[in-house]
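Under the numbering used here, the first residue of the sequence shown is numbered 9, with each subsequent residue one higher. In this text, a Cβ means the ideal position worked out from N, Cα and C, and glycines have one as well. Just so you know, these numbers come straight off a predicted model, no measurement behind them. Everything on this sheet refers to the single structure shown next.
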Amino acid sequence: MEVHHHPHTTRKKWTHYFWDFLMLFLAVTLGFFVENQREHVVERERATQYAKALVRDLEKDTIEIRDVMRENRIILACFDSARSIIHRGIKNYMAPGAFYYYTNVVASAPSVSWNDATIIQITQSGNLRYFTNPELVNKISYYFSQISYVKLLNANDRGVRDRSMEIRSRVLNNYEYGRFSTYSTDDWLHLPDTLMNKLFPVQTNDANLLNEFANSFENRRRVLDLVMKRVYPMAIKDAGELISSLKEEYHLK
């Protein structure tokens with residue numbers, strides 16, 4: 009009768025299992041670390057690209073705001089000039105061409121055309137998370153809120169302007185107004201004196217209606233004074249500070 013001997017297997021020492029576990033743990037940890045670093049590099053690069061785009065947009069915003077401010081200064085000056093003509097009195101249904109021109113200029117309601125595609129994408133798509141500096145995030149968010157505020161003020165100005173223009177339609181002669189409607193805001197210092205001083209017919213001498221027209225200028229002035237003295241200068245300042253912060257954070261030239 010044969011006796012079968014079971015093969016004897018040598019049991020591994022516990023240290024062997026420990027080293028197996030340690031090597032596996034290190035491999036997983038290293039893989040996690042490498043992947044985490046890769047994601048960090050990718051997110052940093054995305055933030056840098058967004059920062060570059062934001063700087064370009066902010067620089068354009070600054071130019072745009074200054075252009076609107078320049079136009080508003082002309083409009084405010086034309087308010088004063090048109091109001092002076094009204095206060096001196098319009099007689100015999102005749103007014104100087106300057107009155108037509110000034111009331112043409114004040115029909116303009118310039119608003120800032122924001123370069124906000126990048127900031128909208130960042131704030132509304134959740135990509136603001138790529139910016140890891142809390143102070144920088146706050147500046148971006150605040151600037152975005154300022155854009156909305158200025159848009160609201162510009163819309164308010166257009167509403168007041170529209171009411172003023174409704175009164176104007178009852179004051180000016182449409183045919184004569186056509187002579188001046190082609191002139192832009194920038195032409196205000198270049199119109200010939202013969203056109204500015206020549207008398208043109210108007211529809212009314214009604215002092216009450218003319219006074220209402222003059223008052224409509226003052227209603228707009230309140231909005232324009234707000235944006236000119238506070239809101240626009242602050243927006244330019246905020247844009248400049250945000251540009252500096254972005255350039256410093258992401259080493260942009």
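Which two residues bound the contiguous beta strand (DSSP E) that contains residue i?
i    : result
S103 : Going by the sequence as given, residue 103 is Ala instead of Ser. That run of the beta strand (DSSP E) goes 102 to 104.
P118 : Segment: none, P118 is in no beta strand (DSSP E) and carries neither H nor E.
L268 : This structure cannot settle anything about residue 268, because the visible part of the chain is limited to 9 through 261.
In terms of residue numbering, what span does the alpha helix (DSSP H) encompassing residue i cover?
i    : result
F188 : Element bounds for F188: n/a, residue is neither H nor E.
F225 : 215 to 234
N205 : 201 to 205
T131 : 125 to 132
Roughly how far, in whole angstroms, is the beta-carbon of residue i from the beta-carbon of residue j, given that I think they are within contact range, below 8 Å?
i    : j    : result
R232 : D165 : Rather than Arg, the amino acid found at residue 232 in this sequence is Leu. That pair is a contact at about 7 Å.
L160 : V239 : L160 to V239, Cβ: 10 Å. No contact.
E257 : N141 : 6 Å
L250 : I148 : 7 Å
E79  : S116 : 7 Å
T66  : A222 : Note that residue 66 corresponds to Leu in the displayed sequence, not to Thr. Incorrect: roughly 39 Å between the Cβ atoms, too far for contact.
I82  : T193 : 5 Å
Looking at the structure shown, is residue i part of a helix, part of a strand, or coil, going by DSSP?
i    : result
F107 : helix
V210 : strand
L180 : strand
K261 : coil
M9   : Below a pLDDT of 50, predicted positions are generally treated as unreliable, and M9, at 49, falls in that range; no measurement from the model is reported.
So that I know if they touch, is there some Cβ in chain C lying closer than 7 Å to that of residue i?
i    : result
T140 : The structure shown contains no chain C; it holds only a single protein chain.
contact_flag[the stretch 204 to 220, the stretch 88 to 106] where n(CB pairs < 8 Å) is 3 or more: yes
Touching by the beta-carbon criterion (3+ pairs, under 8 Å), the stretch 135 to 144 and the stretch 49 to 67: yes
Sufficient close CB pairs (3 or more, under 8 Å) joining the stretch 171 to 188 to the stretch 107 to 123: yes
Segment contact flag, the stretch 65 to 79 with the stretch 87 to 96, C-beta cutoff 8 Å, min 3 pairs: no
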